[in-house]
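So for the sequence shown, the numbering used here puts the first residue at 345; every next one is plus one. Even for Gly, the Cβ is constructed at its ideal location relative to N, Cα and C. A quick write-up on the structure given underneath.
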Amino acid sequence: MDHFRIISPYVHGIFDYIGAIVLLLAPNLFGFADEGGAAVWIPRVLGVAILGMALITNYRLGVLRILPMPAHLMVDYVAGPFLAVSPFLLGFADEDANVWAPHLLAGVGIFIVTLLTQWTTETATYTRAGMR
Numbered sequence: 345m346d347h348f349r350i351i352s353p354y355v356h357g358i359f360d361y362i363g364a365i366v367l368l369l370a371p372n373l374f375g376f377a378d379e380g381g382a383a384v385w386i387p388r389v390l391g392v393a394i395l396g397m398a399l400i401t402n403y404r405l406g407v408l409r410i411l412p413m414p415a416h417l418m419v420d421y422v423a424g425p426f427l428a429v430s431p432f433l434l435g436f437a438d439e440d441a442n443v444w445a446p447h448l449l450a451g452v453g454i455f456i457v458t459l460l461t462q463w464t465t466e467t468a469t470y471t472r473a474g475m476r
C-alpha cells in the first residue's frame, strides 16, 4: 500500500496551509457567509484547527514540530469525512449547492490527500534549526 502514498509530508504541509486558508474564507468565497450556523462555523473552525495542527506538526513546514506526522494524519482521517458529511448531519444539505458542496468536496479532498500521504519520509526528526 505504501507505493500508493505519493504525497510527501512537505507537499501535504503545503495543502494544509492552503486548505486552512480556503476553509477560513469559504463562507465568503462561496457566498454563504450570511447563512450563519453550522454551515459557516464548521469550515472556519476546521480551518483554524488545520492551521494550528500544521504549525505544530513535525514536518518541514511545521514551526513547533511536536506533533508526529502519523498523529496528524489520524486527525485528518477524521476531519475530512466529518467535513464531507457535515451538511447532512447538521441539516444544511437542503440549502443551495454553494452552501453544502464546498463542505463535501473539501472533506473528500482532505480524505484523499491523507490516503495518499507518506507517513514518514526519513528517520530523522525535523527541528527548528533544520535536520537533527
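Can you find the residues in the same chain that come closer than 7 Å, C-beta to C-beta, to residue i, ignoring five residues on each side of it along the sequence?
{"i": "I350", "result": "L460"}
{"i": "T464", "result": "M413"}
{"i": "A437", "result": "P431 and W444"}
{"i": "V419", "result": "M397"}
Classify residue i as helix, strand or coil using the three-state DSSP reduction.
{"i": "I351", "result": "strand"}
For residue i, which residues in the same chain have their Cβ closer than 6 Å to its Cβ, ignoring the five residues on either side in sequence?
{"i": "L368", "result": "R388 and G391"}
{"i": "L395", "result": "A364"}
{"i": "F374", "result": "N442 and P446"}
{"i": "I386", "result": "S430"}
When you compare each of the options to residue i by their alpha carbons, which one comes out closest?
{"i": "I454", "options": "G424, L434, A441 and L448", "result": "G424"}
{"i": "A383", "options": "H416, T458 and A445", "result": "A445"}
{"i": "A450", "options": "G375, I410, I362 and G357", "result": "I362"}
{"i": "L417", "options": "H347, N442, G435 and A398", "result": "A398"}
{"i": "Y403", "options": "F348, Y354 and A364", "result": "Y354"}
{"i": "V407", "options": "N442, G357 and G381", "result": "G357"}
{"i": "V429", "options": "L448, E439 and V419", "result": "L448"}
Using C-beta distances below 8 Å, list every residue in its chain close to residue i, excluding the 5 sequence neighbours before and after it, in chain order.
{"i": "Y421", "result": "F455 and T458"}
{"i": "A377", "result": "P371 and V384"}
{"i": "L411", "result": "M397, I400, T401 and N402"}
{"i": "G435", "result": "A382"}
{"i": "E379", "result": "P371, F436, E439 and V443"}
Within the region 369–411, note down every full alpha helix (DSSP H) run reaching 4 residues or more, in order along the chain.
The qualifying runs are 382–400.
Segments assigned beta strand (DSSP E), at least 3 residues, entirely inside the region 418–460
Qualifying beta strand (DSSP E) stretches: none in this window.
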